[in-house]
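Working notes, beginning with the structure itself.
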Amino acid sequence: MARLLVTGGAGFIGSNFVHHVIGHTDHHVTVLDKLTYAGNQASLAGLPADRLDFVQGDIADAELVDGLVSAADAVVHYAAESHNDNSLNDPRPFLDTNIIGTYTLLEAVRRHSTRFHHISTDEVYGDLELDDPQRFTENTPYNPSSPYSSTKAGSDLLVRAWVRSFGVEATISNCSNNYGPYQHVEKFIPRQITNVLRGDRPKLYGTGENVRDWIHADDHSSAVLTILDKGVIGETYLIGADGEKNNKDVVEAILTELGQPADAYDLVTDRPGHDLRYAIDSTKLRTELGWAPSYGDFETGLAATIAWYRDNEAWWAPVKDTTEAFYASKGQ
Numbered sequence: 001m002a003r004l005l006v007t008g009g010a011g012f013i014g015s016n017f018v019h020h021v022i023g024h025t026d027h028h029v030t031v032l033d034k035l036t037y038a039g040n041q042a043s044l045a046g047l048p049a050d051r052l053d054f055v056q057g058d059i060a061d062a063e064l065v066d067g068l069v070s071a072a073d074a075v076v077h078y079a080a081e082s083h084n085d086n087s088l089n090d091p092r093p094f095l096d097t098n099i100i101g102t103y104t105l106l107e108a109v110r111r112h113s114t115r116f117h118h119i120s121t122d123e124v125y126g127d128l129e130l131d132d133p134q135r136f137t138e139n140t141p142y143n144p145s146s147p148y149s150s151t152k153a154g155s156d157l158l159v160r161a162w163v164r165s166f167g168v169e170a171t172i173s174n175c176s177n178n179y180g181p182y183q184h185v186e187k188f189i190p191r192q193i194t195n196v197l198r199g200d201r202p203k204l205y206g207t208g209e210n211v212r213d214w215i216h217a218d219d220h221s222s223a224v225l226t227i228l229d230k231g232v233i234g235e236t237y238l239i240g241a242d243g244e245k246n247n248k249d250v251v252e253a254i255l256t257e258l259g260q261p262a263d264a265y266d267l268v269t270d271r272p273g274h275d276l277r278y279a280i281d282s283t284k285l286r287t288e289l290g291w292a293p294s295y296g297d298f299e300t301g302l303a304a305t306i307a308w309y310r311d312n313e314a315w316w317a318p319v320k321d322t323t324e325a326f327y328a329s330k331g332q
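In structure tokens, the structure reads:
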């Protein structure tokens, strides 16, 4: 049994990882989460109390972080400000959490010689043209386009520097767009699902041509566990499931799955600086570490996700009206 400290473990991807770890290993998990609007302790409900400890706090709190890291065998760092739209509205929290918070964790794992895995995003690479045959690899130059992606790029570079300069035992993963249970309704897929479930029309930025490479959060979790177990210190691994879909196709798939006409959506004002296309080449992870996604296609994972939101309205309903009011004020 290992003792894992999971930062941001009450957020979307972090909570899915906690569920996956407890369901597939005998590890003990301590979650450190600030419980901002994007964190929800209810996402951890039902997990066994003897396998899970929860601590509410800030990853930039050096004293708190040091004590938790000293008791851990490994740190898996999910905590981040991660919504592009919010970073355009107010960049400062992204600097505080993604840069200073990561620095604080790195200093703690350096003091205690603790294994560290850093969760990042494909958005650090910028975007690709819609007709570009290439996909992002571990060697793609960084080219972030928003306060969110630039602070994540900065945190990646901090991890690399602490590995090289101080010998920190760290790995990095950059993952494509996640979907699945426990995702805040401000995000694209749960926003559209919950709109349809409430009898409202989905909202599509621009003309919906922007392409994302989708992966179910459970597959992301299994990849991170694989890297934690088999990954080479100092290496970066890209996580993807060959799930490229444009936003229009995703909205139409949601409507079809829920028995609605495929064109029953509204076009809204596009987001400033909206990246065109992300696409992940996960060959290194698959060939060197033997990982493969369990969801063989996007449609299967999407159907499971829709079913979860249908069955868990009590989880998402409390924040739905506020979220939609915010988007309405922006014409989106």
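Residue numbers for the sequence shown follow the UniProt record's numbering, so the first one is 1 and each next one is one higher. Every residue, glycine too, gets a C-beta built ideally from N, C-alpha and C.
* Give the single residue among Asn312, Lys248 and Phe12 whose Cα lies nearest to the Cα of Ser82. => Phe12
* Pair every Cβ in the stretch 174-183 with every Cβ in the stretch 114-122, then say whether three or more of these pairs are closer than 8 Å. => yes
* To do: Drop a sphere of 10 angstroms on the beta-carbon of Arg212, count the other beta-carbons inside from all chains shown, and report buried for 16 or more, exposed for fewer.
  => buried
* **Between the CA atoms of Asp132 and Gly46 - distance to the nearest angstrom** => 45 Å
* To do: Within the stretch 242-321, note down every full alpha helix (DSSP H) run reaching 4 residues or more, in order along the chain.
  => 247-257, 283-289 and 298-311
* Compute the Euclidean distance between the alpha carbons of Leu5 and Trp214, then round it to the nearest angstrom. => 26 Å
* Asked: Skipping 5 residues on each side, what residues in its chain have a beta carbon closer than 6 Å to that of Gly301?
  -> His216 and Tyr295
* Asked: Three or more C-beta pairs closer than 8 Å, one from the stretch 97-106 and one from the stretch 136-145: is that the case here?
  -> no
* Residues bridged to Ser173 [DSSP beta-bridge criterion] -> Ile119 and Tyr237
* Asked: Looking at C-alpha atoms only, which residue of Thr25, Ala38 and Ser15 is the closest neighbour of Val31?
  -> Ser15
* With a threshold of 16 other CB atoms inside 10 Å of the CB of Asp58, please say whether the residue is buried or exposed. => buried
* Go ahead and pull the three-state DSSP assignment for Pro2. => It should be noted that the sequence gives Ala, not Pro, for residue 2. If DSSP states are grouped into helix, strand and coil, Ala2 belongs with coil.
* Using CA coordinates, which residue listed in Asn210, Gln192, Val18 and Ile254 is at the minimum distance from residue 335? -> Coverage of the chain is limited to positions 1 through 332, which leaves residue 335 absent and any answer about it impossible.
* Buried versus exposed, by CB contacts within 10 Å (16 or more), Ile306 -> buried
* Asked: Which one of Lys248, Arg271, Val224 and Trp315 has the shortest CA to CA distance from Ala262?
  -> Lys248
* Asked: Where Ser150 and Trp291 are concerned, what is the direct C-alpha to C-alpha distance, given to the nearest angstrom?
  -> 28 Å
* In three-state terms, what does DSSP make of Val168? -> coil
* To do: On a CA-only basis, which of Tyr182, Val232 and Leu157 is nearest Asn40? Give me that one, please.
  => Tyr182
* **Beta carbon of Lys330 nearer than 9 Å to that of Thr269** => yes
* Asked: What's the gap between the Cα of Asp219 and the Cα of Val232?
  -> 20 Å
* Asked: In whole angstroms, what separates the C-alpha of Val224 from that of Ser282?
  -> 13 Å
* **Exposure label - Glu186; buried when at least 16 CB within 10 Å** => buried
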